[in-house]
Amino acid sequence: KAGVTQTPRYLIKTRGQQVTLSCSPISGHRSVSWYQQTPGQGLQFLFEYFSETQRNKGNFPGRFSGRQFSNSRSEMNVSTLELGDSALYLCASSLVGGGPTDTQYFGPGTRLTVL
Amino acid sequence: AQSVTQLDSHVSVSEGTPVLLRCNYSSSYSPSLFWYVQHPNKGLQLLLKYTSAATLVKGINGFEAEFKKSETSFHLTKPSAHMSDAAEYFCVVSDSSGDKLTFGTGTRLAVRP
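If you read the sequences in order, they're chains A and B.
Residue numbering for the first sequence follows this note's numbering, beginning at 191 and increasing consecutively.
Residue numbering for the second sequence follows this note's numbering, beginning at 3 and increasing consecutively.
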């Protein structure tokens, strides 16, 4: 079974631009979560989607948004990019996103650099 | 709210010697705990998870962890380190719904030949 895939793997943008990242979950997984990883803040939870609905949200500004499609694929959008948005963005999928038996599986990440 | 504290930011061992990566957790409910590993420029790979079924959890690549409620600890061990174990390791706790993961700050493991 194919793992979680993320595209693109690397991205370079300039301040003020917007960016869209894509995540395809493992087949059959319906929950997709997004995380930001930076050297200073470590790994932080952005949001989680299940059945096309945002079910959980971390402490990030409204510039960070996402959506999920009917096939469970998810996109994350960051508008008005700032230098501090440079990070590795990780996507994780799980069957239903909850309960003791569910597990999140991570993709390789998208490395975003903001100049 | 739940949290995890990884007690060592860097650990260095010789190949063939035991590995101990320490993690303490804080949670107001019975937690689900995980260890993930991240190799350079790679995503996160699940090593093992604890979900109250058994206190000693065996994972992949010879790693195991023991849940100790009295000590609020979930330390990761391996009897004999291999060069390929060099990576960053994250101790993780999930919230009560299981949707949101809270990560520790990570422990970078170096393995000397």
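Ideal placement from N, C-alpha and C gives every residue a C-beta, glycine not left out.
Quick caveat: nothing in here was measured; it's all calculated off a predicted structure.
One thing to note: residue 194(A) has its Cβ within 8 Å of the Cβ of residue 283(A). Any Cβ of chain B closer than 8 Å to the Cβ of residue 258(A) would place that residue at the interface, and such an atom is absent. Under the 10 Å beta carbon count, residue 89(B) is surrounded by 16 or more other beta carbons and is classified as buried.
Nearest Cα to residue 286(A) within the set 247(A), 234(A), 222(A) and 254(A): 222(A). Pairwise C-beta distances place the segment 296 to 304 of chain A in contact with the segment 31 to 47 of chain B, as three or more of them are shorter than 8 Å. Per DSSP, residue 43(B) lies in no beta strand (DSSP E) and is assigned neither H nor E. Taking a C-beta distance under 8 Å as the contact criterion, residue 16(B) and residue 110(B) do not qualify as a contact pair. In the DSSP assignment, residue 202(A) falls within the beta strand (DSSP E) that extends over 200 to 203. The secondary-structure analysis by DSSP pairs residue 266(A) across a beta bridge with 211(A) and 256(A). Within the segment 245 to 269 of chain A, those residues whose Cβ lies closer than 8 Å to any Cβ of chain B are, in chain order, 245, 246 and 248.
Boundaries of the beta strand (DSSP E) harbouring residue 239(A): 232 to 240, taken from the DSSP string.
Here residue 238(A) is buried, its C-beta having at least 16 other C-beta atoms within 10 Å. The beta carbon of residue 52(B) is closer than 6 Å to those of 35, 59 and 69 in its chain, skipping five residues each way along the sequence. Residue contact check for residue 280(A) against chain B: a CB pair falls below 8 Å. Under the three-state reduction of DSSP, residue 271(A) is assigned to coil, being neither helix nor strand. In terms of CA proximity to residue 295(A), 217(A) leads the group 277(A), 266(A) and 217(A).
Within chain A, 223, 225, 233, 235, 282 and 294 have C-beta atoms less than 9 Å from the C-beta of residue 103(B), given in sequence order. One Cα belongs to residue 266(A), the other to residue 244(A), and the distance between them is close to 12 Å. In this structure residue 20(B) is not in contact with residue 57(B), their Cβ atoms being roughly 20 Å apart against a cut-off of 8 Å. According to the DSSP secondary-structure assignment, residue 9(B) is paired through a beta bridge with no residue. For residue 274(A), none of the residues of chain B pass the 7 Å Cβ criterion, the least Cβ distance being about 18 Å. At a cut-off of 8 Å between C-beta atoms, residue 48(B) counts as an interface residue with respect to chain A. By the C-beta density criterion, residue 96(B) is buried, having at least 16 other C-beta atoms within 10 angstroms. With 16 or more neighbouring CB atoms inside 10 Å of its own CB, residue 214(A) falls in the buried class.
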